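K.L.:
For reference, each letter of the sequence shown is one residue, going 1 to 199 in the UniProt record's numbering. Glycine included, every Cβ here is placed at the ideal spot set by N, Cα and C. Here the structure is a predicted model, which is why all the values come from computation and not from measurement.
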Amino acid sequence: MKTVSFTQMKDGSKEDYQLLEQAEKPYLAMTAERILSELRRQGEDTLTGYKITRMDHGLQAATRARREGADIDWIIGALLHDIGDGLAPQNHDRFSAEVIRPFVRDEVAWVVEHHGIFQMLYYARHYGWDENARDRFKDHVHFKACSDFCERWDQSSFDPEFPTDTLESFEPLVREVFARKAYDPTVLQVGVSNGLPTI
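What follows is the structure in structure tokens.
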């Protein structure tokens, strides 16, 4: 396999970087497969102290979103909102948001990025923390969407008896979203807030 000529990036030539651009295309095309692999790995990890696995939690949230008529971006946001748990448990919300940010509406990425602080409403008082910490975002255009996301799809998705859709049923959606052109402004729709589907 052909490799670059440099050992320091600053010494790379145009030909070196054209080689890397071509070599990276198949890797970028496999993003969806790596994400699905991580979800399967999370299916082997029971959430510490919970009754279900990390994967099951994401599947339940995504199932709820789909059954409420959410669009593909919301379904993927629900499915992957905790994808960062394995590598970044202390800031999994921001990590997860960065995984999806290039491929979904800004609204969905913002909600995933901030869902951790919004979820504190349900448990922070038990630790002596501020359960209303999310209020610092009360004037943000996506506040209601994040509040609704947490109430309807996240905090309610820890039930081992819930009839959850399979990972296989979500695989085509994951592949579709991660096949999009990264950072396409027509997809990102920065500043647009549609909210969750009305129930």
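Report back the beta-carbon spacing between I100 and G84 to the nearest angstrom; my notes put them in contact at under 8 Å.
P.N.:
The residue given as residue 100 occupies position 100 in the sequence shown. The residue given as residue 84 occupies position 84 in the sequence shown. Actually they do not touch by this definition, with Cβ atoms about 10 Å apart.
K.L.:
Would you give the residue range spanned by the alpha helix (DSSP H) that E168 belongs to?
P.N.:
As a first step, residue 168 must be located in the sequence shown, where it is residue number 168. First-last of the alpha helix (DSSP H) with E168: L167 to F178.
K.L.:
Going by DSSP, what residue range makes up the alpha helix (DSSP H) through P102?
P.N.:
Position 102 of the sequence shown, counting from 1, holds the residue named residue 102. Unbroken run through P102: none, as it is neither H nor E.
K.L.:
Is the beta carbon of I35 less than 9 Å from the beta carbon of L173?
P.N.:
Indexing the sequence shown from 1 puts residue 35 at position 35. Indexing the sequence shown from 1 puts residue 173 at position 173. Cβ atoms of I35 and L173: not closer than 9 Å.
K.L.:
Using beta-carbon positions only, say whether G43 and L167 come within less than 9 Å of one another.
P.N.:
Against the sequence shown, residue 43 aligns to sequence position 43. Against the sequence shown, residue 167 aligns to sequence position 167. Taking 9 Å as the Cβ cut-off, G43 and L167 qualify as a contacting pair.
K.L.:
By how many angstroms is the C-alpha of Y27 removed from the C-alpha of L126?
P.N.:
Working through the sequence shown from its first residue, we reach residue 126 at position 126. Working through the sequence shown from its first residue, we reach residue 27 at position 27. One detail in the question is off: residue 126 reads as His in this sequence, not Leu. So the alpha carbons of these two residues sit roughly 44 Å apart.
K.L.:
Using alpha carbons as the reference points, say which of K144, D148 and D56 lies closest to L79.
P.N.:
What you label residue 79 is simply residue 79 of the sequence shown in a count that begins at 1. Closest by alpha carbon: D56.
K.L.:
Mind checking whether L188 and W74 have CB atoms under 9 Å apart?
P.N.:
Here residue 188 is taken as the residue at index 188 of the sequence shown, counted from 1. Here residue 74 is taken as the residue at index 74 of the sequence shown, counted from 1. Contact flag unset, no.
K.L.:
Only counting the same chain, and skipping five residues up and downstream in sequence, which positions put a Cβ closer than 7 Å to that of G12?
P.N.:
Here residue 12 refers to the residue found at position 12 when the sequence shown is read from its first residue. Here the set comprises V4 and F6.
K.L.:
Looking at the structure shown, is T53 part of a helix, part of a strand, or coil, going by DSSP?
P.N.:
The count along the sequence shown starts at 1 and reaches residue 53 at position 53. T53: strand per DSSP, three-state reduction.
K.L.:
In the DSSP assignment, find the unbroken alpha helix (DSSP H) run with S13 in it and report its ends.
P.N.:
Position 13 of the sequence shown, counted from the first residue, corresponds to residue 13. Per DSSP, S13 belongs to no alpha helix (DSSP H) and is neither H nor E.
K.L.:
Can you tell me the Cβ-Cβ gap for Y122 and Q90, rounded? I've got them flagged as a contact below 8 Å.
P.N.:
The sequence position of residue 122 within the sequence shown is 122, counting from 1. The sequence position of residue 90 within the sequence shown is 90, counting from 1. Actually they do not touch by this definition, with Cβ atoms about 19 Å apart.
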